[in-house]
Amino acid sequence: MAAIAALMFACVCAVLLLGYPVAFTLGGVALLFGLGGALFDVFSFGELLAMPSRLFGTMTNETLIAVPLFIFMGVMLERSRIAEQLLDSIAVLFGPMRGGLGITVVLVGALLAASTGIVGATVVTMGLLSLPTMLKRGYDPRVATGTVCASGTLGQVIPPSIILVLLGDVLSSAYQRAQNNLGVFNTETVSVGDLFAGALLPGLLLVVLYILYLLWLAWRAPERVPAIPEQQRREMHSGGIGVLLFAGLLPPLLLILSVLGSIMLGVATPTEAAAVGAFGASLLALVRGQLSLDTLRTVVENTTKITSMVFMILIGASLFSLVFSAFEGDLAVHALLESLPGGTFTAMAVVMLVMFLLGFILDFIEITFVVVPIVGPVLLTMGLDPVWLGVMMAINLQTSFLTPPFGFALFYLRGVAPPEISTGDIYRGVMPFIIIQLFALGLLAAFPGLATWLPAIIYGG
Amino acid sequence: MPPRKATSTNAVVRTTVVTCVHVIDALNNAIGRSVAWLTVGMVLGYCLVVVLRYAFGIGSIALQESVTYMHALVFMLAAAYTLRADGHVRVDIFYRGWSQRRQDGVNLFGSLFLLLPLSLFLLLASWGYVSDSWARSETSVEAGGLAYVYLLKTVILIMAAQLIGAALARAGEAGLRLTQRQTP
């Protein structure tokens, strides 16, 4: 029976490659297998009837309300051109420095974490926003494309990305199940806030490493990362540097930092911070006269489409995992991981490798909803820390998205990069960043404290 | 569509399909675009929750639940609209490079053999679940919560019906293009 579960998984992957929307492919294939299973009396049809109440559970999940609110905030910052002005003003700040523009892109990528849910969307946005500027200023195309790919995916691992909200929710139920398995019933919980706090230091570590790499380039190969000449900088801030900083940089920076800060300090829940952040972003756009009714309509419609996309995947994946466990696939995975020689370490390594490979065909959201519920409880039962596990998964997947030849980020950047940049340039440009990612991943594996120290301080976990 | 010779039954069938696709899409789009504005309601509503809690120490379950309701309405009732706008993410490693014809083939197959059964299943499987809730006039389990749980559950049926329509519309659209005779 577990073989059928494995077959179903393979089938889903194969059908996904046809390119029909992920949400309905997951749900549709799972349904066909489920009906087959019920028809041949592998399990009773009644098991499939758990679906409506699962669906209703998704509709009323309080934690996930943060998702549309963060999306709203991100889309508002983007559509009202606040993000663009943020990039411009940081560029002026760092422009005189060699490598400054690259550093700007890294910082903006990190700051725009809130809007980061779908790899493609952010890489495309970052690419359109910054690639032409970098190339115009004489950046080596390899450095430029590498920086954009890495920064565009960076936001996923930095709070308050919606990926971390989703992962936090999935991990929290996985952790609950793990503790039930262990017979612990005065359950500890892991919250989205915990995951945010846990991801902060590793995320900042990546930011610092990226910047160090760019600084090293500026020192060793200055011609690849030139500074913006004095005259061009003047053109960029005709209104004087003070105005630029006060209008372009400070307000969005304060907004993003206060959203993040209020969650980190435990003052507000992620949902509360997201609502206030979305309101703040709208207010900011309004004050600047950049919020017309048309803009607002675009913002609400884009927010709605992205939200619906995310939740339909969640619903499709939940039917998938329902059928997968009806075929006892989860038990098989559990048994398999436990039978590996080398115990927890090998199990973790295998899961990380499989997720890395799945990252070539599935986006972060799908992996969170499909794979994590299956492997999460097993690994957590083995005694791994949920926050550490979540952050490891996040950085692992981010690396996967950057890795040639299949990395998602590379495809999307290819789509918006000018034709004179070869695909080979993109592949070579991203290499140093992959090395940085692997280094950070190794560091986090060796020192789990990087992820677990901050949540413990904040939440006393 | 360029004028061409066709048997009259064929033309009638095609016109009927075109009309159906238009009607379904118009309906789903109108619903999707309308619920989209609820996102503004969610932002304002939850901000109000925050203000009430931190400034006045008042917790309003009803207000909080109305945000939950809006949230559910948004992502459920906009699913078909999002499909029409091609907003549901695809694994497009191969899809992106394929010809329109081949993409139409994928969409025809997916609409008929994945989305249509899925949405039919959701409709049928949820029928009892929802009608049971109506029979009990189910209300929130929280004290001070909203009394419309049965209405919220009905949203599942509406979404399923919308998706059945959307599956047929997308299949019709792809089918029309695929059967269109190549005109020079």
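Line by line, the protein sequences give chains A and B. Each residue of the first sequence is one higher than the last, beginning at -2 in the numbering used here. Each residue of the second sequence is one higher than the last, beginning at -6 in the numbering used here. Ideal placement from N, C-alpha and C gives every residue a C-beta, glycine not left out.
Taking a cut-off of 8 Å on C-beta distances, the region 34 to 50 of chain A does not touch the region 59 to 73 of chain A, as fewer than three cross pairs fall below it. Contact check for residue 440 of chain A against residue 451 of chain A fails: the beta carbons are separated by 8 Å or more. In the structure shown, residue 239 of chain A adopts helical secondary structure according to DSSP, grouped into three states. Residue burial is scored here from C-beta neighbours: residue 146 of chain B has at least 16 other C-beta atoms within 10 angstroms and is therefore classed as buried.
DSSP places residue 224 of chain A outside both helix and strand once states are collapsed to three, so it counts as coil.
Put simply, the CB of residue 20 of chain A is near chain B, with a gap under 8 Å to one of its CB atoms. Bounds of any alpha helix (DSSP H) do not take in residue 59 of chain A, whose DSSP letter is neither H nor E.
When B:25, B:150 and B:96 are compared, the shortest CA-CA separation from residue 127 of chain B is found for B:150. At a cut-off of 8 Å between C-beta atoms, residue 269 of chain A counts as an interface residue with respect to chain B. Taking 8 Å as the cut-off, the Cβ atoms of residue 156 of chain A and residue 67 of chain A do not count as close.
Within the region 75 to 87 of chain B, those residues whose Cβ lies closer than 9 Å to any Cβ of chain A are, in chain order, 75, 76, 78, 79, 80, 81, 82, 83, 84, 85, 86 and 87. Out of A:109, A:277 and A:138, the CA that lies nearest to the CA of residue 37 of chain B is found in A:277. Judged by DSSP secondary structure, residue 94 of chain B falls within the alpha helix (DSSP H) whose first and last residues are 93 to 103. According to the DSSP assignment, residue 17 of chain A belongs to no alpha helix (DSSP H), since it is labelled neither H nor E.
Close partners of residue 66 of chain A in chain B (Cβ separation under 7 Å): 35, 36 and 39.
Under the rule that a run must span 4 or more residues, the alpha helix (DSSP H) segments found entirely inside the region 53 to 134 of chain A read 63 to 76, 79 to 91, 97 to 108 and 116 to 133.
Secondary structure note for residue 269 of chain A: its alpha helix (DSSP H) is the uninterrupted segment 267 to 284. Shortest Cα-Cα distance from residue 63 of chain B to any of B:83, B:74, B:30 and B:87 involves B:30.
Counting C-beta pairs with one atom in each stretch, the region 162 to 176 of chain A and the region 402 to 421 of chain A have fewer than three that are closer than 8 Å, which means they do not touch. CA-to-CA, the gap between residue 216 of chain A and residue 95 of chain B works out to about 51 Å.
Contacts with chain A at 8 Å (Cβ-Cβ) do not include residue 134 of chain B. Along the region 127 to 161 of chain A, none of the residues has a CB nearer than 7 Å to a CB of chain B.
Closest in alpha carbon position to residue 99 of chain B, among A:99, A:11, A:29 and A:190, is A:11.
Ranked by Cα distance from residue 196 of chain A, the options A:412, A:423, A:429 and A:392 are led by A:392. Within chain A, the residues whose beta carbon sits less than 8 Å from that of residue 28 of chain B are 301, listed in sequence order. Nearest C-alpha to residue 179 of chain A among A:380, A:395 and A:38: A:380. Residues of the region 24 to 45 of chain A whose Cβ lies closer than 9 Å to any Cβ of chain B, in chain order: 24, 25, 26, 27, 28, 29, 31, 32 and 45. Counting along the chain, no alpha helix (DSSP H) covers residue 419 of chain A, and no H or E run does either.
Taken in chain order, the members of the region 14 to 25 of chain B whose beta-carbon sits within less than 9 Å of a beta-carbon on chain A are 25.
Contact annotation: residue 364 of chain A and residue 23 of chain A have beta-carbon atoms that are not nearer than 8 Å. Taking each of A:212, A:245, A:290 and A:386 in turn and checking the Cα distance to residue 345 of chain A, the smallest one comes out for A:386.
C-alpha of residue 5 of chain B to C-alpha of residue 12 of chain B: approximately 11 Å in a straight line. Taking C-beta separations shorter than 6 Å and ignoring five residues to either side along the sequence, the partners of residue 211 of chain A in its chain run 96, 99 and 100, following chain order.
Bounds of the alpha helix (DSSP H) holding residue 207 of chain A are 189 to 217.
Contact between residue 188 of chain A and residue 165 of chain A holds, with the beta-carbon distance rounding to 7 Å and staying under 8 Å.
Measuring C-alpha to C-alpha distances from residue 350 of chain A to each of A:335, A:394 and A:185 identifies A:394 as the nearest.
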